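J.: Quick one: this structure, given as structure tokens, is what I'll be asking you about.
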Amino acid sequence: MTTLLIGIFLLSLLVITAIAIVRATDLFSAVMLSGIFSLLMALNFFLLDAADVALTEAAVGAGVATVLLLAGLRLTPSTEAKGRSLRALSIGIIAAVALLMIYASFGQPSLGDPLAPAQQHVAPWYIEKTPELVDIPNIVTAVLASFRGYDTLGEVFVVLTAGIGVMFLLGGGRGKPFSRLDSKVEEGLSRHLIPKVMARLLVPFILLFALFVQFHGEYSPGGGFQAGAIFVAGIILFSLVRGERLTLAVIPPRVLLWMSAGGALLYGSVGLAGIAMGGNFLEYSVLADDPVLGQHIGIIVIELGVGLTVTGVLLSIFHAFAARD
Amino acid sequence: MNLADHLPALQVALPLLTAPLVILLRTGFLAWLAALLASLVSLGLALLLTAAVLETGTQHYAVGGWAPPFGIALTVDGLSALVLLLITGASSLALAGGRQSLRLDIDNRRAPMFYGAWLIAMAGLCGIAVAGDAFNVFVFMEISSLATYILIAAGRDRRALSAVFKYLIIGTIGATFYLIGVGFIYMMTGTLNFADMALRLNDVIETRPIIIAAGFITIGLALKAAIFPLHIWLPRAYTYAPNAVTVFIAACSTKVSIYILLRFNYAVFHGNLLGHSDLFAVFIIPLALSGILLASAIAIYQVNLKKMLAFSSVAQIGYIALAAGLASQAGLVAALLHMFNHALAKGTLFLCVVAFVLTSRSATIANLHGIGRRMPWTMAAFVLAALSLVGVPGTAGFISKWYLVTAVMEVPGWGVPLVVAIIASSLMAVVYVWKFVEVAYYGKAPGDDTAAMEVALPLRALIWVAALSNVYFGLFPQLPLALAQSGTSTLLGGLN
Amino acid sequence: MKLLGLFNYWVFAVLLMIGLAALISRQNLVKKIMALAIFQSAVFLFFITMSKIENGTAPIIQAGVDNQVFSNPLPQVLILTAIVVGISTTALGLAIAVRLYEEYGTIEDNEILAMDRKP
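Protein chains in written order, with the working numbering: chain A, 2 to 326; chain B, -4 to 491; chain C, 140 to 258.
Structural data, given as structure tokens:
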């Protein structure tokens, strides 16, 4: 009951924040509010037992999305002209749809109902069979990486496509755009003592935490995607303090491109290895004599592929935005 | 297990995994070549799959070795095979014919990214066509959409960017609506697999959420399929995209959304929701009719050839939606046939536009006066494909229009007015096509230049292959007809 | 109690419509991208609400603990994928918005439209 009430409180905050985002005419405030929105959302997910999703929403919604929006706002005006007010027809349609959905909700199973159809058919099978077939504690990872590994392959390619798109549109990938990027943010914040010291202290731990999330994802919330996002956060913090140029010297764009493509290829080749060894596409059980061991190998390798692609793509995107003037 | 059993997975995996290799290449030519080869191999795989479907029926594949509904299933039936042929065929045609045009549109440094996105778009569309899982469809829909946005944004005109932003917003709304619908269905059935869904929906007593789900899915996919009046993103996106990209997407991308719309409405909802097909018909037929009539009328007034053909596409999507909305055996066969035949005609027409723009640097009709005398070969192919678009006997377009009219005549009470609408729209097609053909043959060329300026022989040959296929499938429609009939019987399987 | 249990779904509906209304009424492209994110987040909430089971816990098996009730892992997996899709769309949308600003000098949709109409 307490959880339910806390949930209702958080959800109300969520709605208020959403309205505030829409109404804010200063886009910087809107970005900050979006970050808060994502954190509130993550808290809600946590209350609803979705630890993995909460971690991802916090890393992606509050972290990566905020950085991206700020990078975008650096290149575009940061105040919004007055929006058009909604026409009566649009308001009518929108209100009607909302009411319709609320009406439909009375036919839906209530929150937490263990007898709801969604909890019956496929889901219990995953919970029951994971220890036997995949044998890793985190069932979410088991479903993500193995039972529905094909979706996750698709997810990696969505990320890669976004990377390709940003590099295509804003230049990047190789050559000119990145080399144009000197002088301006050369020193970053390194003249300021406090950020410099803080970053020195934090960056190694962030990177270490990312590696933990990457390789401990079978046992606790996390996995390649979250790890990639956290790793990128660490690198971006480094580049804020020490300047773009040094960061690019540490990880050159060409390497980022290879990471992005290599991770996706690594994932795909695990799939093809399944075919080569007599199984189906993305069947990990055939990768070793013991099917469960095969599952473990498959999951570790594809999570590595996910982590590589996500890190490569997010950093390329960040650099592509930063390199633009 | 031999390799042939893996065809459904390879159909997606092959182009998808070639894409990361392509973006690592250093020159535009190599990237183009790799993309073309991957596309041709995919076409080969699609042909093999088609043969397998016609021989042994629906192909099933369990990705990861996990049996559905726990794992993700791939299913390829006649309808999927038809759509796969369209996707891979259109991609190969556009890549092969578009080399010269794409080289002008995209600078060499960025070309590997572009061709990588192309392959991902194609693989994403193939992924939708083979998917047997509702959420998997969403994932591949997003892959193909994001990649398609990149392809369109490559257009040289800055209006390509504003068009693609609008497309991105509307496309994402459409996909999110679809996802909401899938969520409602999952909530009430506990499954994501199409076949399993159809079975378990039977037992759902409370149908309010399911009706909401049907609404969200239908509207979301209608947005992506550009069914009138949800088509607002389409004309500008088609017009300002690079010409070769238009050949590709005009031939297949909206069709894939229609494909999934049909799959959901017939294979999943039709047998389970009382009166669903009536509701679907009431929703879709008026929209389809207004699309057929209004979009054709708007096409007449266009001054840009690409935009004219784009509005014509909206009208043709209307035909497909109309036929599908009839909810009858004959109607579905007509819809599927028209998907195939319209793709043939539009692909050819847009390929001719590629050639026109290569020589005269503009797609504005005013700048194309006299083009018919200066490029007789290309123009003749254009006329041939345009005849198929109008539906003249002897061309592929006639076959599907014939099936459409037959199906419409079965509708009690409404048969005659519907036929009148179809004929009126066909006459309007004659008008807009004639408007261009007239100035192309009889118009005065700018600067009175009448020197011949045909495009290079390979492109001309390709254009003619495409144009003649319109005639071939008009005289021998057995292959698309067989696929359409087999697709219809699986779609209506829920009924029997 | 039954009504309180549906509160999450109402918030889902309201957030969805706030996002949609903002998408229609706001002209600023960056704002549209943020609205799109709200719109998608609403769907995440919808799915995750579905996965919750009363007295359940996150679906991670702990050694030595028996008879645990786990919340449904499947919607969580779906939403992990959907979050990634969402951020990818945001990134691509922002890149297009930046390019639009470079070409048109504005990121207000109506001004861009006005410039497009002029030949």
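By construction, the Cβ of each residue, glycine as well, lies at the ideal position given by its N, Cα and C atoms. For clarity, every value in this text was computed on a predicted model and none was experimentally measured.
Please report the distance separating the alpha-carbon of alanine 289 of chain A from that of glycine 59 of chain B.
T.: About 14 Å.
J.: Under 7 Å, Cβ to Cβ, is there at least one residue of chain B near glutamine 121 of chain A?
T.: It does; some Cβ of chain B falls within 7 Å.
J.: Could you check what DSSP says for leucine 69 of chain B in three-state terms: helix, strand or coil?
T.: Leucine 69 of chain B: strand per DSSP, three-state reduction.
J.: What number of angstroms, rounded off, separates the C-alpha of isoleucine 300 of chain A from the C-alpha of leucine 80 of chain B?
T.: Rounded to whole angstroms, isoleucine 300 of chain A to leucine 80 of chain B spans 34 Å at the Cα level.
J.: Is there a Cβ from chain C that is less than 7 Å from the Cβ of isoleucine 175 of chain B?
T.: Taking Cβ atoms only, chain C reaches closer than 7 Å to isoleucine 175 of chain B, which makes this a yes.
J.: Please decide whether threonine 77 of chain A counts as near chain C, where near means a Cβ-Cβ distance under 7 Å.
T.: So, interface residue.
J.: Return the residue from the list B:Leu384, B:Ile315 and B:Phe377 that minimises the CA-CA distance to leucine 399 of chain B.
T.: Of B:Leu384, B:Ile315 and B:Phe377, the residue nearest in Cα terms is B:Ile315.
J.: Start and end of the alpha helix (DSSP H) containing alanine 59 of chain A?
T.: Per DSSP, alanine 59 of chain A belongs to no alpha helix (DSSP H) and is neither H nor E.
J.: Under 7 Å between C-beta atoms, does glutamate 193 of chain C make it to chain B?
T.: No, its Cβ sits nowhere closer than 7 Å to a Cβ of chain B.
J.: Taking C-beta to C-beta, are leucine 11 of chain A and isoleucine 22 of chain A nearer than 7 Å?
T.: No, they are not a contact pair.
J.: Report the residue ranges of all alpha helix (DSSP H) runs contained in full by the stretch 73 to 137 of chain A; include only those spanning at least 4 residues, in chain order.
T.: If we require 4 residues or more, the alpha helix (DSSP H) runs fully inside the stretch 73 to 137 of chain A come out as 89 to 106 and 124 to 134.
J.: For isoleucine 115 of chain B, return the contacting residues in chain A, with the cut-off set at a CB-CB distance below 8 Å.
T.: Within 8 Å Cβ-Cβ: Phe158, Leu161, Thr162 and Ile165.
J.: Need the endpoints of the alpha helix (DSSP H) that glutamine 227 of chain A sits in, please.
T.: Residues 225 to 243.
J.: Does the pairing of the stretch 227 to 239 of chain A with the stretch 205 to 219 of chain A give three or more beta-carbon distances under 8 Å?
T.: Touching, per the Cβ criterion.
J.: If contacts are defined as beta-carbon pairs under 8 Å, then glycine 215 of chain B and glycine 169 of chain B qualify, I think. What distance do you get, rounded to the angstrom?
T.: That pair is a contact at about 5 Å.
J.: Taking 8 Å as the threshold, find out whether the stretch 306 to 319 of chain A comes into contact with the stretch 247 to 262 of chain A through three or more Cβ pairs.
T.: They touch, by the three-pair rule.
J.: Should valine 271 of chain A and glycine 280 of chain A be called a contact, given that it needs their Cβ atoms to be closer than 7 Å?
T.: Against a cut-off of 7 Å, the Cβ pair of glycine 280 of chain A and valine 271 of chain A comes out as no contact.
J.: Using three-state DSSP, classify aspartate 100 of chain B as helix, strand or coil.
T.: Aspartate 100 of chain B: helix per DSSP, three-state reduction.
J.: Measure the Cβ-Cβ separation of asparagine 465 of chain B and threonine 373 of chain B and say whether it is below 7 Å.
T.: No, Cβ-Cβ distance for asparagine 465 of chain B and threonine 373 of chain B is not below 7 Å.
J.: Under a Cβ-count criterion, where at least 16 other Cβ atoms within 10 Å of its own Cβ denotes burial, should arginine 258 of chain B be classed as buried or exposed?
T.: Counting Cβ neighbours within 10 Å, arginine 258 of chain B comes out buried, since at least 16 surround it.
J.: Using DSSP with H/G/I as helix, E/B as strand and the rest coil, what is threonine 45 of chain B?
T.: DSSP places threonine 45 of chain B in helix when its eight states are reduced to three.
J.: Rounded to the nearest angstrom, what separates leucine 156 of chain B and alanine 148 of chain B at their Cα positions?
T.: Taking the straight line from one Cα to the other gives about 5 Å.
J.: Whole-angstrom Cβ separation of alanine 112 of chain B and phenylalanine 169 of chain A, contact assumed at under 8 Å?
T.: Contact holds; Cβ gap of about 7 Å.
J.: In chain order, what residues of the same chain have a beta carbon less than 7 Å from the beta carbon of valine 32 of chain A, not counting five sequence neighbours either side?
T.: The answer, listed in chain order, is Thr67, Leu70, Leu71 and Leu74.
J.: Please determine, among A:Ala96, A:Leu154, A:Thr57 and A:Leu14, the residue with the shortest C-alpha to C-alpha distance to glutamate 304 of chain A.
T.: Of the listed residues, the one whose Cα sits closest to glutamate 304 of chain A is A:Leu154.
J.: Name the chain C residues whose beta carbon is nearer than 7 Å to that of glycine 36 of chain A?
T.: Under the 7 Å cutoff, chain C gives no residues; its nearest Cβ is about 11 Å from glycine 36 of chain A.
J.: Below 7 Å between beta carbons: does that hold for methionine 156 of chain C and isoleucine 95 of chain A?
T.: It is a contact, given that the beta carbons lie within the stated cut-off.
J.: With three or more beta-carbon pairs closer than 8 Å as the criterion, would you say the stretch 268 to 279 of chain B touches the stretch 225 to 244 of chain B?
T.: No, the stretch 268 to 279 of chain B is not in contact with the stretch 225 to 244 of chain B.
J.: Measuring straight from C-alpha to C-alpha, what distance separates proline 214 of chain C and glycine 386 of chain B?
T.: Rounded to whole angstroms, proline 214 of chain C to glycine 386 of chain B spans 47 Å at the Cα level.
J.: Any beta carbon of chain A sitting closer than 7 Å to that of asparagine 206 of chain C?
T.: False, the Cβ-Cβ gap to chain A never drops below 7 Å.
J.: Contact criterion: CB-CB distance below 7 Å. Does proline 224 of chain B meet it with respect to chain A?
T.: Proline 224 of chain B does not count as touching chain A.
J.: Taking 6 Å as the cut-off, is the C-beta of asparagine 336 of chain B nearer than that to any heavy atom in the ligand GTP?
T.: Within the structure as shown, the ligand GTP is missing, as the structure has no ligands at all.
J.: Alpha carbon to alpha carbon, how far is tyrosine 148 of chain C from tyrosine 243 of chain C?
T.: Their Cα atoms are separated by approximately 41 Å.
J.: Which of the three DSSP states, helix, strand or coil, is assigned to aspartate 128 of chain B?
T.: Three-state result, aspartate 128 of chain B: strand.
J.: Mapping DSSP to helix, strand and coil, what is aspartate 27 of chain A?
T.: Strand.
J.: What does alanine 66 of chain A touch in chain C if you count any residue whose Cβ is under 8 Å from its own?
T.: Ordered by position in chain C, the residues that pass the 8 Å Cβ test against alanine 66 of chain A are Ala176, Ile226 and Thr229.
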